[in-house]
Structure formats: C-alpha cells, structure tokens
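Below is one structure; the comments refer to it alone.
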Amino acid sequence: MIVPGRGHTVMPGEGRSVDLGVVSMRVLAGGEVTDRAFTLAEFSGSGEGAWTVPHLHRGMEESFFVLDGSFTFTVGDTEIEATSGMYLLVPRGTAHTITAAQGGGRFLTLMVPGGLEEMFFELGQLPPNAIRDPAARAAISARYDSIPVQS
C-alpha cells in the first residue's frame, strides 16, 4: 500500500518483471501497492503476431496506451489499429486480443481493479509463450477474471 505522505517510485529498469516469451511485463504499480485499486504495467516485445488469446474480463476494465510500435487491438468485432500515443479502453465483458506488427513494441496497461498481474507471474512459470496458449491460459486465468473466448 502507498504510505500517506510518501509516493511510490519505480526507476528505469526496476519493477517486478516476468518474461512471457513473446512479451515481457514490468509492473509499475501493482495491486499490493494500490490496495488493489488498480495495476499499471508496461508490456514490451520485439516479436510480431498475437500477444494474447481472445479473452474478456467480467469485473474489470483494461486500458492501453501505446508507447512504441504498432498493434491491432480486436475489441468485440472491431479491429483498431493503434500506434504510438494512442489510448484504448476495453469495457468489462468485452472480448479482446492484441496483435503486434513487425518489430513489436511497448504499451502501458491499466487494469482496474488491480491484481491481474499475478496471473502473468503464474504464466511466466510455464513454458515460453503460454500467454498465447488457450489451454494454459484457461487453467490459470479462471482464477483471475481473464476468461478465454472463441474468436
């Protein structure tokens, strides 16, 4: 939790991180710091293609701010081309997926409420690229309100 009168600072290269194969996650403010009010994380990778499986969240919103690169966010039935400087909010209950263009990129993800980062740390214990494996995701993600769906 944040201590009153003090801030929470994460310096470049710091923060709890996990390598998920196609993408890495670095937590800037996790649920343990924000009393689960939100999680802010940076996702980055150099590979193109799907960075996740189609999924939805019933009890949380997830939003993205693209820092570098180009991505296709599929939100419901809509494909959205996103480049540096673009922000996107995915409402609760909306299926979505993220596909990186050639060269990959980086984006910030705000998850409200916080705590979903723990799912990514569990996925990091599995073989590389489990984040894109529907069976691996289903086994872990059900505990974290991240429900794989058919595309």
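Here our numbering is used: the first residue of the sequence shown is 757, the next is one more, and so on. Where is the CB? At the ideal position from N, CA and C, for every residue including glycine.
task = Assign Glu-818 to one of three DSSP states: helix, strand, or coil.
result = Glu-818: strand per DSSP, three-state reduction.
message = Quick check on the DSSP output: the alpha helix (DSSP H) that includes Ala-895 runs from which residue to which?
response = 890–897
key: DSSP-derived helix/strand/coil call for Ala-785   = strand
task = Tell me His-764's beta-bridge partners as DSSP assigns them.
result = Paired residues: none, contrary to the question.
request  = Counting only runs of 3+ residues fully inside the region 793–843, write out the beta strand (DSSP E) ranges in chain order.
outcome  = 795–801, 817–831, 834–839
message = How far does the alpha helix (DSSP H) with Leu-864 in it extend, from its first residue to its last?
response = Unbroken run through Leu-864 is the beta strand (DSSP E), 852–868; no alpha helix (DSSP H).
inquiry  = For Thr-839, count the other beta carbons within 10 Å of its own beta carbon; 16 or more makes it buried, fewer makes it exposed. Which is it?
reply    = When all chains shown are included, Thr-839 counts as exposed.
message = Can you tell me whether Leu-845 is helix, strand or coil according to DSSP?
response = strand
Span separating the alpha-carbon of Met-842 from that of Arg-862 = 12 Å
message = For Arg-814, tell me which candidate among Gly-801, Ala-851, Gly-786, Glu-804 has the shortest Cα-Cα distance.
response = Residue Ala-851 is the option with its Cα nearest to Arg-814.
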